[in-house]
Amino acid sequence: MAKKLSMKKRYSALTRDLDWTPSYVDPEKVFPYTSFEGIKIHDWAKWEDPFRLTVDSYYKYQAEKDKRLYAVLDGFAQSQGHLSLSDAKYLNSMKLFLQGVTPLEYAAHRHFAFLARHYNGPGPRFAALCQSIDELRHTQTEIHTLSTYNKYYGGMHSWPSQFDRVWYLSVPKSFFDDAMSAGPFEFLIAISFSFEYLLTNLLFVPFMSGASFNGDLPSMTFGFSAQSDESRHMTLGLEAIKFLLEQDEANVPIIQAWIDKWFWRGYRLVALIAQMIDYMLPRKVMSWQESFELYFEEQMLNGLFKDLEFYGIKPPRHVEHAIAEKEILSHQVYWGLYSFSFAAAFTTTVPDAEHQDWLRAQYPGTFDKHYQPLWDKAAKIQADGGRFFFQGLPQLCQVCQIPMLFTEPGDSTTICQREREYQGERYHFCSDGCQWIFDREPEKYVQAWLPVHQIFQGNCGGPSVPEVLAWYGIQDGDGGEYVGSADHVDWERWHAAAPVRS
Amino acid sequence: MAVRAITETYDFPSRSRQELYGDDQLVHVLWKGNPLLCAAATFRAPRAMPFGEFLAGLIDPWAGSDPDYRPGAGRGWTLDGAAFDPSPEASLAELGVGHKSLLTFEA
Amino acid sequence: MQYELRQQVIEPRRKTFQYLIERNGDKPASRYEEGTIDVQPTENFHYRPLWDPAHELYDESYSALRLTDPYSFLDPRQYYYAPYVTTRAQLHDGFGRTLEYLEGRGLLARLPDGWRTLLAELVLPLRHYESGAQLISVNGARFAYGASVEQCLSYAAFDRIGLAQMLSRVGFALADGGDELLTAAKQQWLEATPLQGLRRIVEELLVEPDWAVGVIGLDLVDRLLYPLLYRHLDEAALTDGAGPYSLIAQHPASWYVDQRKWLDHLLATWVADPEHGARNADVLTGVVEAWLPKAEAAVTAYATAVEAAVGTDAAATVSTLAVRVRADFTALKGDS
Amino acid sequence: MTASSVRTVGLDLQESSEDTRRVVEAIEQDNDDVVVTQIPGLVKIQAPGQLVIRRETVESLLGRPWETHEFQLAIVSYYGHIAEWDDDEIVIKWDH
Chain A
3 MAKKLSMKKR YSALTRDLDW TPSYVDPEKV FPYTSFEGIK IHDWAKWEDP
53 FRLTVDSYYK YQAEKDKRLY AVLDGFAQSQ GHLSLSDAKY LNSMKLFLQG
103 VTPLEYAAHR HFAFLARHYN GPGPRFAALC QSIDELRHTQ TEIHTLSTYN
153 KYYGGMHSWP SQFDRVWYLS VPKSFFDDAM SAGPFEFLIA ISFSFEYLLT
203 NLLFVPFMSG ASFNGDLPSM TFGFSAQSDE SRHMTLGLEA IKFLLEQDEA
253 NVPIIQAWID KWFWRGYRLV ALIAQMIDYM LPRKVMSWQE SFELYFEEQM
303 LNGLFKDLEF YGIKPPRHVE HAIAEKEILS HQVYWGLYSF SFAAAFTTTV
353 PDAEHQDWLR AQYPGTFDKH YQPLWDKAAK IQADGGRFFF QGLPQLCQVC
403 QIPMLFTEPG DSTTICQRER EYQGERYHFC SDGCQWIFDR EPEKYVQAWL
453 PVHQIFQGNC GGPSVPEVLA WYGIQDGDGG EYVGSADHVD WERWHAAAPV
503 RS
Chain B
93 MAVRAITETY DFPSRSRQEL YGDDQLVHVL WKGNPLLCAA ATFRAPRAMP
143 FGEFLAGLID PWAGSDPDYR PGAGRGWTLD GAAFDPSPEA SLAELGVGHK
193 SLLTFEA
Chain C
1012 MQYELRQQVI EPRRKTFQYL IERNGDKPAS RYEEGTIDVQ PTENFHYRPL
1062 WDPAHELYDE SYSALRLTDP YSFLDPRQYY YAPYVTTRAQ LHDGFGRTLE
1112 YLEGRGLLAR LPDGWRTLLA ELVLPLRHYE SGAQLISVNG ARFAYGASVE
1162 QCLSYAAFDR IGLAQMLSRV GFALADGGDE LLTAAKQQWL EATPLQGLRR
1212 IVEELLVEPD WAVGVIGLDL VDRLLYPLLY RHLDEAALTD GAGPYSLIAQ
1262 HPASWYVDQR KWLDHLLATW VADPEHGARN ADVLTGVVEA WLPKAEAAVT
1312 AYATAVEAAV GTDAAATVST LAVRVRADFT ALKGDS
Chain D
3 MTASSVRTVG LDLQESSEDT RRVVEAIEQD NDDVVVTQIP GLVKIQAPGQ
53 LVIRRETVES LLGRPWETHE FQLAIVSYYG HIAEWDDDEI VIKWDH
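Structure (structure tokens):
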């Protein structure tokens, strides 16, 4: 009679029992990176494998998921599916996604490979290995999904080099560079916990639901398909934090500081998502405020952090500022992008009357008072034959690298300015959160490659806007105003040919 | 608090340090109370540039992004948080405007 | 009521991404190309790693082996994620069927004693070799420069865990579903003399700072071990009434054929590089000189134990294989 | 314990497939006070305290064998902690 091992025991034999302690070389030299951060691990065997997925099952289910996804992509391309999007301007959100999110998937792919090599414990190493190749999947499925649109629309053609060069993409790039340049434990808290568990739902779920609502079947399919891997990654994040907290009490303050840092770093990054949800989707699913309340306040603050209290972990520092901003964040950021889209690989436009009605209904306390007047003035400038742009380069936050457009906590009309002098040089920050991050590790943030400063140093193609845009690889019609843009003109032309009755 | 790195020294120069701009420097200028201009602007200017030239050559064209702006309309200036009453002839350096100083005005 | 869309031909503005247009002209690109070429960032990194301040986050100097254009190397199998997992799902499905068949017919119990010993004491412990191989490969996945090279290494790393799990499942099958043979095999790996050379070389490659040296050193062992285990012994098994061994061996053997394709092409690309080719060839010579003798000694010691179990000329096979490996590297340089 | 101190846990599933609809039914059968909401492309499931997905229930609704690993094809996101994921069931709850 065959003996049957439990899933847990079998999984353990298939994964973590493969490990052994080296004796021909110094084990410390095999894993050189896991001590300098001050995290103490007494027993790697205490790691609980949350997903007991063996390699053969992994291949089987992933192959099945990709079969379904690529069938959708092929069908969509063959049937000219892009013509049934809600509107061409919907694609601005996907342009930003390809330019700013896809490279992060790739970075995650590369750096989870680092964890898959360098953790001492075989359990987390295997989880990291799976995540590494999952993230490669996400990189490629995003490229392949958006490849169809790239053929017919602007702004998607040069995303890899733009990630390295373009001003607004230094926001996501510096975020991930910050995590990758940190030690292996901080990386895990930064990406697996703070980003994947705490914030990624805000990015993917409303956004992919938005794709579905706007006729973008391929993006919805890849998004949900990627999310099914993401739920494994979230589990890794949660398991990791519990494991580290349980290993040694001395880990608790270190982890708390990382949560504090990475919550704020991640929150500033998702500001780009906030404006996508409220301003870039022609058909709306839910507002930024609603998603924030549901996915962050209800699920994380009232769910997860109650659980972490047990270990002495408190909700992230500066979270009250994030909560206080939920009614203003998306408006401020989109207005900023509207002001600078002459130097972007996407277009922006004044929300139409119906869109403004929706914004008013969603944000009764702030839209009429603060943002309606801006759009009225922008519309008036446009009616007079102009287009409002910020005719200069903005001051950037030294940490998050977003133009310093955020306002003082509790005062949505005063721009927040924070300043530190470090080794004889002034540095500016958009918020208490970013300043606090700088103060912890100024040696790191002085190295920031700030696009505006680099342009002024002459490192970005030349001193004039056309030279910089050429260096950015931005082609005619990629950026600026949507109305009258190449995408808009094509869209109108394609749809002028309405169905006719035979 | 200092950074915790694997090596004893982890020391890299600022990528925005003044020497990278030769005789010039960066100056941030914020138009307070005008939400149309969402953030302060950053300019590169010679330290020897007279304030009047800085105003007319750099600030005015930028502030003119707002069609309601009239050149030279700025008042209530501050420099790095302190009240500031610049003479148009004095250079930025003479006025104490340093690398990455923040000037603010209202209009 | 009938409707028809007015015929309209929509000309695409471009047929692929700009980075491929610049390389190959504006023509349709494959999914492999779109998902691989130029995907890795190359400039303007913000912060130096706290764990290695001497390098950038992606840095060519992580290896002495360089390519002028990292994308002069492309995977001849054109694996991006979807075809990779699809191919491997078939491999593991095939392996699973083999195992099911062997178990269903009770064929493993009918193995001649020597072959059973070979499997239990010499082949099963190699799941740890595969696990070490995974670490060596995934190190390359992080530190190689360019998405084409690292992508092959990422898949190779995952392959190794898959191979380790195949061997482990053989262990379960041999023990009627239990894990006691795997526990014993681990002791073999840690202590048995014939396996110590292999364990030592894996551990030494784990601390090799140049990721490519690690990967090539491992390949030198593979070039001796895989043909020995899954070709030479496969044939011996068939003549020796150990058919189940052959049925198992076909699966790792087919993986090894697949692995050779990209690795041989990478070696050739390194040597053929217009700028770094000569220097790369010198580096490769150095790696072969340093690691092939160790690999040969380790696999020969292992082969001697194989001979003791099943009585083939395994050790002589290893020296023939080593001669061929040396000749292959010499030919590689001659070709450039 | 007051009602408000029972924290909810939840799952977001893809609404697209026939199989997923059976999984949702199974969850509704096996858990009390489940709240199911639709948003475009998604089914959102929330329950106080914990959520269990039982293999047997799913299999009886699907009329075929169903491995718990297959749940991966349906899940988009969740909140709570995956306390158990074995051959027979998946349990999501908060630990503390």
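Chains as they are written, first to last, in the working numbering: chain A, 3 to 504; chain B, 93 to 199; chain C, 1012 to 1347; chain D, 3 to 98. For glycine and all other residues, C-beta sits at the position ideal for the given N, C-alpha and C.
8 Å CB neighbourhood of residue i in its chain, flanking five on each side removed
i	result
Ser183 of chain A	Lys446
Ser1265 of chain C	Leu1102
Glu1015 of chain C	Caution applies to Glu1015 of chain C, whose pLDDT of 45 falls short of 50 and renders its modelled position unreliable; the value that the coordinates give is listed next. So the list is empty, once near-sequence residues are dropped.
Tyr1073 of chain C	His1066, Phe1154, Ala1155, Tyr1156, Asp1221 and Trp1222
Pro174 of chain A	Gly102, Val103, Pro105, Leu106, Phe165, Leu271 and Leu274
Ser14 of chain A	Asp51
Leu44 of chain D	Asp14, Leu15, Gln16, Glu17 and Val78
Buried versus exposed call for residue i [16 or more other C-beta atoms within 10 Å across all chains shown]
i	result
Phe431 of chain A	buried
Tyr1112 of chain C	exposed
His44 of chain A	exposed
Ser108 of chain B	buried
Ala5 of chain D	Residue confidence for Ala5 of chain D is low, a pLDDT of 42 falling below 50, so the modelled location carries little weight; the figure read from the coordinates is stated next. It counts as exposed.
Thr196 of chain B	buried
Any non-hydrogen atom of the ligand NAP closer than 6 Å to residue i Cβ
i	result
Val8 of chain D	Although the ligand NAP was asked about, the structure shown includes no ligands whatsoever.
Neighbour list for residue i in chain A, Cβ cutoff strictly below 7 Å
i	result
Asp89 of chain D	Met9
Trp154 of chain B	Gln393 and Gly394
Arg9 of chain D	Asn304, Gly305 and Lys308
Ile84 of chain D	Pro52 and Thr237
Contact set between residue i and chain D, taken where Cβ atoms lie within less than 8 Å
i	result
Tyr2 of chain A	Absent from the model: residue 2 of chain A. The displayed extent of chain A is 3 to 504, so no value can be given.
Bridge partners - residue i, DSSP secondary structure assignment
i	result
Tyr80 of chain D	D:Leu13
Phe431 of chain A	A:Arg420
Gln117 of chain B	B:Ala137
Ile47 of chain D	D:Leu13 and D:Val38
Phe187 of chain A	For Phe187 of chain A, which the question treats as bridged, DSSP gives no partner whatsoever.
Phe200 of chain B	Residue coverage of chain B in this structure runs from 93 to 199, which leaves residue 200 of chain B outside it and unanswerable.
Thr170 of chain B	B:Ala175 and B:Thr196
Gln52 of chain D	D:Lys95
Pro405 of chain A	A:Leu398
Gly482 of chain A	A:Thr349
Interface partners of residue i on chain C, CB under 7 Å
i	result
Ala97 of chain B	Leu1061 and Pro1064
Same chain, Cβ closer than 6 Å to residue i, five either side skipped, listed in chain order
i	result
Met3 of chain A	Note that Met3 of chain A scores 47 on pLDDT, short of 50, meaning its location in the model is unreliable and no value can be drawn from it.
Leu16 of chain A	Thr56
Ser79 of chain D	Asp14
Proximal residues to residue i (C-beta, below 7 Å), its chain only, five neighbours per side dropped
i	result
Pro284 of chain A	Ser88, Asp89, Lys91, Tyr92 and Asn216
Lys10 of chain A	Arg54
Leu1193 of chain C	Leu1135, Ser1179 and Gly1182
Leu1343 of chain C	Leu1278, Ala1279 and Val1282
Ser196 of chain A	Ile261, Trp264, Phe265 and Gly268
Gln364 of chain A	Ser289 and Gln291
Met158 of chain A	Lys97, Leu100, Leu148, Tyr151 and Asn152
Under 8 Å from the C-beta of residue i: neighbouring residues of chain A
i	result
Trp1273 of chain C	Those do not exist, as Trp1273 of chain C stays about 15 Å from chain A at its closest Cβ, beyond 8 Å.
Cross-chain neighbours of residue i in chain B, by beta carbon under 7 Å
i	result
Val454 of chain A	Thr134
Ala450 of chain A	Arg107
Listed by chain order, chain C residues near residue i by CB distance under 8 Å
i	result
Asn152 of chain A	Arg1025, Thr1027 and Phe1028
Contacts that residue i makes with chain D (C-beta to C-beta distance below 7 Å)
i	result
Gln229 of chain A	Val78 and Ser79
Residues that residue i contacts on chain B, provided the C-beta gap is smaller than 9 Å
i	result
Tyr313 of chain A	Residues of chain B passing the Cβ test: none, with the nearest at roughly 22 Å.
Thr415 of chain A	Gly125 and Pro127
Neighbour list for residue i in chain C, Cβ cutoff strictly below 9 Å
i	result
Phe104 of chain B	Tyr1058, Arg1059 and Pro1064
Self-check item: Within the stretch 1013-1081 of chain C, ranges of the beta strand (DSSP E) (whole runs, at least 3 residues)
Solution: For the stretch 1013-1081 of chain C, not a single whole beta strand (DSSP E) run of length 3 or above is found.
Quiz prompt | 4-residue-minimum alpha helix (DSSP H) runs that sit fully inside the stretch 275-307 of chain A, ordered along the chain | solution = 290-293
Exercise. Could you name each continuous alpha helix (DSSP H) segment of 4 residues or more that falls completely within the stretch 1217-1276 of chain C, going from the start of the chain to the end?
Key: 1222-1238 and 1244-1250
Quiz item: What are the uninterrupted segments assigned as alpha helix (DSSP H) that are 4 or more residues long and contained completely in the stretch 192-265 of chain A, given in chain order?
Solution: 202-215 and 219-249
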